[in-house]
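Engineer:
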Amino acid sequence: MSQVTVRKQKRKKNHVRTRLIVFAVLAGILLLCSLFSAYLTPCDPYLQDLSNAKAAPSAAHLLGTDRYGRDMLSRVIIGSRTSIYSTLLLVAVVTVTGTVVGVFCGWQGGKWTDTVLMRISDMFLAFPGLVFAMAVAGVLGGGLHNAILALAAISWPKYARIARSQTLAQKEMPYIRAAVLAGSSTAKILFHHILPNIIGPILVTAMLDIGTMMMELAGLSFLGLGAKPPAAEWGSMMSDTRSLITTAPWVTLAPGFAIFLSVMVFNLLGDTVRDYVDPKSR
Amino acid sequence: MEESEFAGRTEPVLKAEGLTKVFSRKGQPDFTAVDHISFEIMPGECLGFIGESGSGKSTAANMISRLLEATEGEIILDGENITRVKGKDLRRIYRKVQMVFQTPAESFDPRRTLGDGIGESLRNNGFSKAEAEKKTAEMLVQCGLTPDFAGRYPHEVSGGQCQRAAIARALAIEPELLICDEATSSLDVTIQKEIIDLLNELRRKRGNRFAILFICHDIALVQQFCDRALVMYKGRIMEEGKPDDLIRNPQSGYTRKLIDSVL
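Chains as they are written, first to last, in our numbering: chain B, 696 to 977; chain Y, 3 to 265.
1. Looking at the strands, I want to know which residues DSSP matches up with N324(Y).
2. Go through the region 60-134 of chain Y residue by residue and report every complete run of the beta strand (DSSP E) that reaches 3 residues or more, in order.
3. Taking only beta-carbon positions, decide if T105(Y) is within less than 8 Å of chain B.
4. Would the C-beta of R171(Y) count as close to the ligand ATP, meaning under 7 Å from any of its heavy atoms?
5. Quick one: list the residues of chain Y neighbouring Y870(B), beta-carbon separation under 7 Å, in chain order.
6. Can you tell me where the alpha helix (DSSP H) holding C228(Y) begins and where it ends?
7. Note down, in chain order, each residue of its chain lying with its Cβ closer than 6 Å to the Cβ of L903(B), except the 5 sequence neighbours on either side.
8. Could you check if F718(B) is buried or exposed, using at least 16 other CB atoms within 10 Å of its CB as the buried criterion?
9. For M909(B), which residues does DSSP report across the bridge?
10. So V875(B) contacts chain Y; which residues on that side make the cut at Cβ distance below 7 Å?
11. Got a sec, what are the start and stop residues for the beta strand (DSSP E) I169(Y) sits in?
12. Give a yes or no on whether 8 Å exceeds the smallest Cβ distance from L16(Y) to chain B.
13. For a contact defined as C-beta to C-beta under 7 Å, what are the partners of P891(B) on chain Y?
14. In this structure, how does DSSP classify K23(Y) when only helix, strand and coil are distinguished?
15. According to DSSP, what are the bridge partners of T810(B)?
16. Since K233(Y) and G58(Y) should fall inside the 8 Å C-beta cutoff, what is the C-beta to C-beta distance between them, to a whole number of angstroms?
17. Flag M696(B) as yes if its beta-carbon sits less than 8 Å from any beta-carbon of chain Y, otherwise no.
18. Go through its chain and collect everything with a Cβ distance to M696(B)'s Cβ below 7 Å, but skip five positions before and after it.
19. Taking the alpha carbon of L180(Y) as the reference point, which residue from R86(Y), N127(Y), K28(Y), Y96(Y) has its own alpha carbon closest?
20. Can you check whether the C-beta of M240(Y) is within less than 8 Å of a C-beta belonging to chain B?
21. Run through DSSP, which three-state label would V972(B) get?
22. For E203(Y) and C145(Y), I'd like the C-alpha separation in whole angstroms.
23. Taking C-alpha atoms, which residue in F25(Y), K28(Y), S26(Y), A62(Y) lies nearest to D183(Y)?
24. Closer than 6 Å by C-beta to G895(B): which residues in its own chain qualify, once you throw out the five before and the five after it? Chain order, please.
25. Are any of the Cβ atoms in chain B nearer than 8 Å to that of Y96(Y)?
26. Let me make sure I understand the geometry here. Which of F110(Y), E42(Y), T138(Y) has the alpha-carbon closest to that of D229(Y)?
27. Tell me which residues share the same chain as K98(Y) and place their Cβ nearer than 7 Å to its Cβ, disregarding the 5 neighbours each side in the sequence.
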């Protein structure tokens, strides 16, 4: 390889690393925001002040007030807890469940347990996502927890498939046979050798999914199947106030912009992590 | 283990009787990879397996190390029938049998250091972390590397160094039988010679405390290195004898063909 190409590659790697740091910091700020949202709100997000309803953004209310006179900035900030926290919870649950099932299936590789579990995951994959989530939320009733449950039910097969195919590929590698020869138990092989070697692509998928999941959760809330009022959640806030979009646009735009911003940050972070992990970009 | 335990012993380390492996797949005729082979390995002996690719050498080796389930036949290791042992008992036999693979770099976990791989069998067999580390360093030196290789990752070392580490790993637990499955085939000739020299030296050091099953398609190498050789073809043993005799005076047509194709 010539010097020039090496230098180019190095520059590219540095570039990816810079991007990674920038987006990780941005995502970190969002996370801290949602974690300490209770302390960051300038006003009480649930305090109604009907005399001051639908007020335009001003010094007292930077993002204006909604139809009950509640401070929009405070509601967006407190809403980040529900939106970001439940999204991360959802992604974590789905990633762990999918990976456990996938690794188990891959290790079994073709036995009946593998076949049964993979056919079940196929069943979930066959449903159009949001429609199934609506059906589950409909049956179990609305509420954020049921929305998370519904989205988890349709999202784990993707992870199970990735984990399974990766496990199938890894378990034929000589180093796994060497671990067997070293007298390691199956559990040890799975946790010490297989998992660290397959976790990369799974984590990247999870990072990329944060944005999607956030949108879907907001979508379910928008449809009235997620968070219940007066709880502040960006999707349901948009839904509640969409009739006001002509008269008091800030009431809809504020949570909308919050969704846009955080989905973008997490998507870009996911993209960057993928680039960073991809050996070709190193 | 003490030398005296083996002194005057005539019991084979490993005895395979009627060992057979049939691969069956739906919609395809059964394929017999290994067809009723029987052989013995004596303590301290080096037995060579010669044959073209697909002749069932590796399948036989994998059955002996129980990485592959035998369809039929019996494997007797050190007087114990290990053909069907499972779980804990199976892990116990890996104190006596170890293997070195063809692709050294792939035989170490890419995310773990060489030292971690070498010490794994020790830690699994009741050695403390410190003891395992000490023994790992010892083994690395014995195999012609320096102790600092323990901290390196498989992609940071050359193929020859990696294979030395693999031999160190296999011998750390002091097995009675070492299976070398094409252990030198992916290395270039000079490194190949170094590895053979290393194995010879280790054999000299340990005397009849460890036997080698040497699987190789290179007849010249087997002639140089092995006390006795088996010629395999299509899952059967065609011929058995001292490598020199096999080459000078081949009995079966296949052996003759194999030798002609090399010389």
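Just so it is clear, CB atoms sit at the ideal spot from N, CA and C, and this is done for glycine as well.
Structural biologist: Looking at the coordinates:
1. Missing from the structure shown is residue 324(Y); chain Y here goes from 3 to 265 and no further.
2. With a minimum length of 3 residues, the continuous beta strand (DSSP E) runs that stay inside the region 60-134 of chain Y are 74-79, 99-102.
3. Chain B contact via Cβ: present.
4. The ligand ATP is not part of this structure, which contains no ligands at all.
5. Counting only Cβ-Cβ distances below 7 Å, Y870(B) has contacts in chain Y at E108, S109, F110, D111, in chain order.
6. Unbroken run through C228(Y): none, as it is neither H nor E.
7. Within the same chain, Cβ atoms closer than 6 Å to the Cβ of L903(B) are found at G965, the five residues on either side in sequence being excluded.
8. So F718(B) counts as buried.
9. M909(B) pairs with nothing; no bridge assigned.
10. Those within 7 Å of V875(B) in chain Y are L69.
11. No beta strand (DSSP E) holds I169(Y); the alpha helix (DSSP H) holding it covers 161-174.
12. Answer no: the Cβ-Cβ gap between L16(Y) and chain B never drops below 8 Å.
13. Neighbours of P891(B) on chain Y, chain order: R113.
14. Three-state DSSP puts K23(Y) in a strand.
15. Bridge pairing for T810(B): absent [DSSP].
16. Reading the sequence as shown, one finds Val at residue 233(Y) and not Lys. With 8 Å as the limit, V233(Y) and G58(Y) do not qualify as a contact, their Cβ atoms being about 12 Å apart.
17. Reliability fails at M696(B), whose pLDDT of 47 lies under 50, so the model's placement of it is uncertain and the value that follows must be treated cautiously. Judged by the 8 Å Cβ criterion, M696(B) is not in contact with chain Y.
18. In this prediction, M696(B) has a pLDDT of 47, which is less than 50 and means its spatial position is unreliable; what the coordinates show is noted afterwards. Nothing listed; no residue qualifies.
19. Among R86(Y), N127(Y), K28(Y), Y96(Y), the Cα nearest to that of L180(Y) is on Y96(Y).
20. Taking Cβ atoms only, chain B never reaches closer than 8 Å to M240(Y), which makes this a no.
21. Note: V972(B) maps to helix in three-state DSSP.
22. Roughly 9 Å separates the two Cα atoms.
23. Here the closest residue by C-alpha is A62(Y).
24. Counting only Cβ-Cβ distances below 6 Å, and skipping sequence neighbours, we find V972.
25. With a threshold of 8 Å between beta carbons, Y96(Y) makes contact with chain B.
26. For D229(Y), the closest C-alpha among the options F110(Y), E42(Y), T138(Y) is that of E42(Y).
27. Closer than 7 Å at Cβ, skipping near neighbours: L79, D80, P177, E178, L179.
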